[in-house]
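A.B. asks:
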Amino acid sequence: MKWKSHTAIARAISGEMGLPEDLERAFCAGSIEPDKRPDLAFRTSRSGRSYIGRAPHHQPPTGTIMAYAWRARRAYLDGNDYWAVKSIGRALHYVQDKCVHTGLGGWRHDAREDDIADLPPPRRAVLEGIGMAECSPAFVRECISAVRPRRDPRRAMYDATLYSSAIFASVMGPPEIEEKFFDDYDRAMRGHRLRYASAAALLALSAAVAATLEEPLFLPLGPLAAIAVVRMDPAYYKARDRAEWFGLQNGRR
Ligand SMILES: [Zn+2]
-13 MKWKSHTAIA
-3 RAISGEMGLP
7 EDLERAFCAG
17 SIEPDKRPDL
27 AFRTSRSGRS
37 YIGRAPHHQP
47 PTGTIMAYAW
57 RARRAYLDGN
67 DYWAVKSIGR
77 ALHYVQDKCV
87 HTGLGGWRHD
97 AREDDIADLP
107 PPRRAVLEGI
117 GMAECSPAFV
127 RECISAVRPR
137 RDPRRAMYDA
147 TLYSSAIFAS
157 VMGPPEIEEK
167 FFDDYDRAMR
177 GHRLRYASAA
187 ALLALSAAVA
197 ATLEEPLFLP
207 LGPLAAIAVV
217 RMDPAYYKAR
227 DRAEWFGLQN
237 GRR
């Protein structure tokens, strides 16, 4: 996407959220910064070798975007609004580029970006994005994965504005978590502890089976199953991430 489009989206969001002028400037600057100072990422060459190169903008790694969203959220909780909007700008640059279909080998891509640059970000998309936002890292991640490359310039601009607004509102959402969270967190925590208990039981069982049958092949199965039981606990990891999103350690105030 052209710089004109990136900054137009930033201004549209800033206007709706009522950012002061200096923060709007920082938000616009962040929104074009990845083109000036590129991020690095692990990439794979045609021959299958991996190397460190410029992070791609049209198929950006979700991790790169999430890292900036987290950085923005932490800065926001610390009261460093300047750094927060600068970082969220960088994250949104990738989200916006991801909305543009590059075509085969970049063919038609430049013409499409020219067409997009003529379009203003629709206010309806800003409002819809802010309206659908949930203040959580899981929501930001869902938005990033929902973004699809669009061939139609209007659709690309609409989606870029919609998801940028939603992510902005999620990161700059309420700094305090709602009271209900603490019950959910405790429940997830108890569930997770039970998983540790069943993992320990699996370990003991596999050791017992291996000893009784004198078959050491059974021995590694226990730890593998135990790791799987503890790892596969999405409710727990979601709650833990959510707690961190509000600056809480171990789910406590
Ligand atoms: Zn770019």
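Position 228 of the sequence shown, counted from 1, bears residue number 214 in my numbering, the numbering being contiguous throughout.
For each residue, glycine too, the CB sits at the ideal point set by N, CA and C.
These numbers were taken from a predicted model, which means no experiment stands behind them.
Quick one: what's residue 29 bridged to in DSSP?
C.D. replies: Against the sequence shown, residue 29 aligns to sequence position 43. 37, per the DSSP bridge assignment.
A.B. asks: What's the C-alpha gap between residue 103 and residue -6?
C.D. replies: The sequence position of residue 103 within the sequence shown is 117, counting from 1. The sequence position of residue -6 within the sequence shown is 8, counting from 1. Distance between the alpha carbons of residue 103 and residue -6: 9 Å.
A.B. asks: Measure the C-alpha to C-alpha separation of residue 101 and residue 21 and round it to an integer number of angstroms.
C.D. replies: On the sequence shown, position 115 is the one that residue 101 refers to. On the sequence shown, position 35 is the one that residue 21 refers to. So the alpha carbons of these two residues sit roughly 20 Å apart.
A.B. asks: Quick check: does the Cβ of residue 178 come within less than 7 Å of any heavy atom belonging to ligand 1?
C.D. replies: Taking the sequence shown and counting its residues from 1, the one referred to as residue 178 is at position 192. No; taking the cut-off as 7 Å, the Cβ of residue 178 has no heavy atom of ligand 1 nearer than that.
A.B. asks: Let me check understanding here. Comparing Cα to Cα, which of 85, 131 and 146 lies closest to residue 259?
C.D. replies: The chain is shown only over -13 to 239; residue 259 falls outside these bounds and no answer can be derived.
A.B. asks: Using alpha carbons as the reference points, say which of 187, 143 and 39 lies closest to residue 81.
C.D. replies: Taking the first residue of the sequence shown as 1, we reach residue 81 at position 95. Of 187, 143 and 39, the residue nearest in Cα terms is 143.
A.B. asks: Whole angstroms is fine: what's the gap from residue 148's alpha carbon to residue 28's?
C.D. replies: For the purposes of this step, residue 148 is identified with residue 162 of the sequence shown, where counting begins at 1. For the purposes of this step, residue 28 is identified with residue 42 of the sequence shown, where counting begins at 1. Straight-line Cα distance between these residues: approximately 29 Å.
A.B. asks: Shorter than 7 Å, the distance from the beta carbon of residue 43 to the closest heavy atom of ligand 1, or not?
C.D. replies: Against the sequence shown, residue 43 aligns to sequence position 57. At least one heavy atom of ligand 1 is nearer than 7 Å to the Cβ of residue 43, so yes.
A.B. asks: Looking at the unbroken alpha helix (DSSP H) that takes in residue 158, where does it start and where does it end?
C.D. replies: For this step, residue 158 is matched to residue 172 along the sequence shown. Careful: residue 158 lies outside any alpha helix (DSSP H) and carries neither H nor E.
A.B. asks: For residue 20, is the beta carbon positioned less than 7 Å from some heavy atom of ligand 1?
C.D. replies: Taking the sequence shown and counting its residues from 1, one reaches residue 20 at position 34. Indeed, a heavy atom of ligand 1 lies less than 7 Å from the Cβ.
A.B. asks: How many Å lie between residue -10 and residue 127 at the Cα?
C.D. replies: Against the sequence shown, residue -10 aligns to sequence position 4. Against the sequence shown, residue 127 aligns to sequence position 141. For residue -10 and residue 127, the distance between alpha carbons rounds to 26 Å.
A.B. asks: From residue 121 to residue 151, what does the alpha carbon distance come to, in whole angstroms?
C.D. replies: Within the sequence shown, residue 121 is the residue found at index 135, counting from 1. Within the sequence shown, residue 151 is the residue found at index 165, counting from 1. Distance between the alpha carbons of residue 121 and residue 151: 12 Å.
A.B. asks: So, helix, strand or coil for residue 133, using DSSP?
C.D. replies: What you label residue 133 is simply residue 147 of the sequence shown in a count that begins at 1. Three-state result, residue 133: coil.
A.B. asks: Could you check if residue 192 is buried or exposed, using at least 16 other CB atoms within 10 Å of its CB as the buried criterion?
C.D. replies: Numbered from its first residue, the sequence shown carries residue 192 at position 206. Residue 192 is buried by the Cβ-count criterion.
A.B. asks: Measuring straight from C-alpha to C-alpha, what distance separates residue 211 and residue 187?
C.D. replies: Start at 1 with the first residue of the sequence shown, and residue 211 comes out as number 225. Start at 1 with the first residue of the sequence shown, and residue 187 comes out as number 201. Between residue 211 and residue 187, the C-alpha separation is close to 11 Å.
A.B. asks: When you compare only the Cα positions, how much space is there between residue 86 and residue 64?
C.D. replies: Taking the sequence shown and counting its residues from 1, one reaches residue 86 at position 100. Taking the sequence shown and counting its residues from 1, one reaches residue 64 at position 78. Distance between the alpha carbons of residue 86 and residue 64 is about 34 Å.
A.B. asks: Should residue 83 be listed as close to ligand 2, given that the test is whether its C-beta is under 7 Å from any heavy atom?
C.D. replies: The model on display carries ligand 1 but not ligand 2.
A.B. asks: If I'm right that residue 76 touches residue 157 with Cβ under 8 Å, what's the distance once you round it to whole angstroms?
C.D. replies: The count along the sequence shown starts at 1 and reaches residue 76 at position 90. The count along the sequence shown starts at 1 and reaches residue 157 at position 171. About 12 Å separates the two Cβ atoms, so there is no contact after all.
A.B. asks: Within the same chain, show all residues whose beta-carbon is closer than 7 Å to that of residue 50, passing over the 5 residues directly before and after it, in chain order.
C.D. replies: Here residue 50 is taken as the residue at index 64 of the sequence shown, counted from 1. Only 25, 27, 41 and 80 meet the Cβ criterion.
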